[in-house]
Amino acid sequence: IPKPSGEVTHIGHGGYNLRDTLHWKEVLYAQVQNCVHYLADAHLQTHSSFSKQSLQDLQSVYILVRHIGYAANDHPFLAKYENNWVTADFLRVYLKNKSATAK
4 IPKPSGEVTH IGHGGYNLRD TLHWKEVLYA QVQNCVHYLA DAHLQTHSSF SKQSLQDLQS
64 VYILVRHIGY AANDHPFLAK YENNWVTADF LRVYLKNKSA TAK
């Protein structure tokens with residue numbers, strides 16, 4: 004599934020709302036979101052934005068979300084989204100909020 008045009012949360016500037024775009028049930032959205040947040044806390048520098056994360060660390064989170072126990076057993080459909088864009092968008096929003104509160 005390709006990523007929509009624009010950037011997540013930039014609704015007024017041609018972007019999109021992730022929750023509305025995915026059309027998932029609320030419980031599923033929350034499960035995936037919580038999984039991504041947990042993995043971000045464990046593997047990323049949460050005081051830094053998405054763009055300042057190392058590619059290797061981001062790849063580790065993508066792999067864990069898709070292939071290891073946390074989400075893959077319950078959410079194998081994440082592999083259908085091209086270039087991990089759903090996971091990346093969850094991370095972008097989470098890291099933006101976390102890094103803003105760390106300042």
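Just so you know, the sequence shown maps onto residues 4 to 106 in this note's numbering. Cβ atoms here follow ideal geometry from the backbone N, Cα and C, with glycine treated the same way.
Legend entry - For Y97, three-class secondary structure by DSSP: helix
Inset, instruction - Give the DSSP bridge partners of Y19, in chain order. - result: Looking at the DSSP assignment, Y19 forms a beta bridge with V11.
Legend entry - Rounded distance between the beta-carbons of V39 and L107, thought under 8 Å: This structure gives no information on residue 107, because the portion of the chain shown stretches from 4 to 106.
Legend entry - At least 3 beta-carbon pairs within less than 8 Å: the segment 80 to 89 vs the segment 4 to 22: yes
Inset, instruction - With a cut-off of 8 Å on the beta carbons, I'd call V68 and T90 a contact; round off their distance for me. - result: 5 Å
Legend entry - Straight-line gap, L98 to H78 (C-alpha atoms, nearest Å): For L98 and H78, the distance between alpha carbons rounds to 22 Å.
Inset, instruction - Could you check what DSSP says for A75 in three-state terms: helix, strand or coil? - result: Bear in mind that a pLDDT of 46 at A75, under 50, signals an unreliable position, so the number given afterwards is only what the model happens to contain. The DSSP-derived three-state label of A75 is helix.
Inset, instruction - Determine the burial state of A43: buried for a count of at least 16 other Cβ atoms within 10 Å of its Cβ, exposed for fewer. - result: With 16 or more other Cβ atoms inside 10 Å of its own Cβ, A43 counts as buried.
Inset, instruction - In the DSSP assignment, find the unbroken alpha helix (DSSP H) run with H46 in it and report its ends. - result: 29 to 46
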